[in-house]
Amino acid sequence: MVDPLPSYPCAKLKLDQFFLQWLSEHQDLVNNLLEEVQAGRPLRGPASNVSGPSPSPLSPSTAHAIFASTPPLSPSKPRSPRSPLSPHRKSSLGLTLKRLPQFYFPNALQVSEARAAEFASRVRKHYEAQPSGLDLDQFTSMVNEAGDLPTTVGRALFWRLGGPEAKTVQQDTFLSWWHARCLLPAPTIKRVFEVLRQEHQEYLTYEDFSPVLDMLLRHHPGLEFLAGTAEFQKKYAETVVYRIFYTLNKSGNGRLTMRELRRSDLVEALEALDQEDDINKFWELDTDHDFLVSRKDLAHYSQGALSFQIVDRIFQQVARRFTSSVPDMMSYEDFVWFILSEEDKSSDTALDYWFKCVDLDCDGVIRPKEMWFFYEEQLKRMEGNNQEAVMFPDVLCQLHDMLQPEVEGQYTLR
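Okay, here's the thing in structure tokens:
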């Protein structure tokens, strides 16, 4: 058999290194061991030499060198339940464990006595004036000041603690609920999560947002125009919930976790509701609150971003006929159709909407002269605001390169 070592000079060099390191250093030791084996005498370790000199040629120092030079043994196997520790070792272990103070609190953070006293003082101040309990507005004001909860969430908490028909909530009821969930040191998003979630689950579902949205629809001045349309209120609430889960629930399983909430701006949005009355774009444009939007009203949309030409085309109803019974006025349904097409221009419905607006001769083809009709005003706006304007020929070149129409200068939907 051919020796494989010459094919691997590095391996041979390593073996030589081991030989020089071990065998040359303990050559006499190895020779003595071989003699012991050949003579049939048992090898003795250091433990066998207790009371006197060993009859073996190996001295205690030599035997110690042998066992010291051997590699360490692997860890022993874990002790079987049938062979417990001795009482002495068990008691010493127990004493060691008793001396270790608790350093991990899985369900709460450390709270200083001063902070706890301050929180109790804030709550007590509100209840001292109303010893029989706080009503909805008083309770909402209290949790907003003492617990930093947004107003809408505070109303939902009132409903949760007292029920839909409750008139007041007692101090002990609120404090026991608050401290049971260790919310004093928790961030605001954690407090919101605890108010919304059910007791048996660690996530939020669509239904868990119902109390917040119900309170929002009942009490927010920007949504008063929905008070007489219960069916539309329901659809509005569903739209808000779907939007929240669409944005935050990355897994798409309908279960919004604390981790997903922590990465969102939901708390900021809820707090903004306390500062902003006009949260509805339709209500903001409909300044006289007659539930109708005129050309002049729509021209103010998005701080006047729409050109007068495109506003005229919308009111000419070339994209979609209005459902409003008042001539030359846009109803709420018409506005919803417009804003959905404006906010998401990538949908087929939005593409069809805006294509019809730009197609001046309604022949199903958009040409450069039709584009220029709308672009001219926007170009003047950019120049008037000292903005860098993109020339119209450059826009046409970009469109051609991006869409690659079958006939140059003619753009269709298909």
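Just so we're aligned, residue 1 is where the sequence shown starts under the UniProt record's numbering, counting upward by one.
We put the CB at the ideal spot given by N, CA and C, even for glycine.
- Under the three-state reduction of DSSP, Y411 is assigned to strand.
- About 11 Å separates the beta carbon of D297 from that of F315, a gap too long to meet the 8 Å contact definition.
- In the structure shown, L149 falls within a coil segment according to DSSP collapsed to helix, strand and coil.
- The Cβ-Cβ distance between A146 and R122 falls below 8 Å.
- If only uninterrupted alpha helix (DSSP H) runs of at least 4 residues are considered, those enclosed by the stretch 150-201 are 151-162, 171-180 and 188-196.
- In the three-state reduction of the DSSP assignment, L292 falls in the coil class, being assigned neither a helical nor a strand state.
- The C-beta distance from V153 to V192 rounds to 5 Å, short enough to meet the 8 Å contact threshold.
- With respect to the 8 Å criterion, L256 and Y203 are classified as neighbours on the basis of their beta carbons.
- Residue burial annotation: E343 is exposed, with fewer than 16 other C-beta atoms found within 10 angstroms of its C-beta.
- In the DSSP secondary-structure assignment, L134 is bridged to V169.
- Looking at the DSSP output, M330 sits in a beta bridge with V293.
- Rounded to whole angstroms, the gap between the alpha carbons of M391 and T412 is 23 Å.
- The secondary-structure analysis by DSSP pairs L256 across a beta bridge with L204.
- Between V365 and Q410, the beta carbon gap of about 5 Å places them in contact (Cβ cut-off 8 Å).
- In the DSSP assignment, S210 falls within the unbroken alpha helix (DSSP H) covering S210 to H219.
- Judged by DSSP secondary structure, R115 falls within the alpha helix (DSSP H) whose first and last residues are E113 to A129.
- The stretch 155-172 and the stretch 221-234 do not touch, with fewer than 3 CB-CB distances between them shorter than 8 Å.
- V326 is not a Cβ neighbour of L285, given a cutoff of 8 Å.
- Within its own chain, no residue has a Cβ closer than 6 Å to the Cβ of V395 once the five positions on either side in sequence are excluded.
- Inter-residue distance for P187 and R124 is about 22 Å (C-alpha atoms, whole angstroms).
- Between F322 and the set R313, D334 and D312, the nearest pair of CA atoms involves D334.
- Distance from L270 to P150 at the Cβ level is roughly 4 Å; contact confirmed, criterion being Cβ atoms closer than 8 Å.
- Three or more Cβ pairs closer than 8 Å define a contact, and the stretch 370-388 falls short of that threshold against the stretch 337-356.
- Non-local C-beta neighbours of S331 in its own chain, meaning closer than 6 Å and more than five positions away in sequence, comprise T323 and S324, ordered along the chain.
- The C-beta separation of D208 from L196 comes to about 5 Å, placing the pair in contact by the 8 Å criterion.
- The C-alpha of D16 lies about 21 Å from the C-alpha of L34.
- For K281, the closest of I339, K356 and E408 by C-alpha to C-alpha distance is I339.
- Scanning L184, M142, A129 and Q170 for the CA closest to the CA of A114 turns up L184.
- Leaving aside the five residues that flank D352 on each side, the residues in its chain whose CB is nearer than 8 Å to its CB run, in chain order, A319 and L413.
- Between I310 and F232 a beta carbon distance of about 28 Å is seen, past the 8 Å cut, so the two are scored as non-contacting.
- Following the DSSP letters along the chain, one finds T323 in no alpha helix (DSSP H), marked with neither H nor E.
- Sequence-distant Cβ neighbours of G254 in its own chain, meaning closer than 8 Å and more than five residues away, are T205, Y206 and F245.
- Excluding five sequence positions before and after R262, the CB atoms of its chain that fall closer than 6 Å to its own CB belong to I189, given in chain order.
- The beta-carbon distance between H400 and E408, rounded to whole angstroms, is 7 Å. This is short enough to meet the 8 Å contact definition.
- Rounded to the nearest angstrom, the Cβ distance from T168 to D135 is 6 Å, consistent with a contact under 8 Å.
- The alpha-carbon of P42 is positioned some 18 Å away from that of D28.
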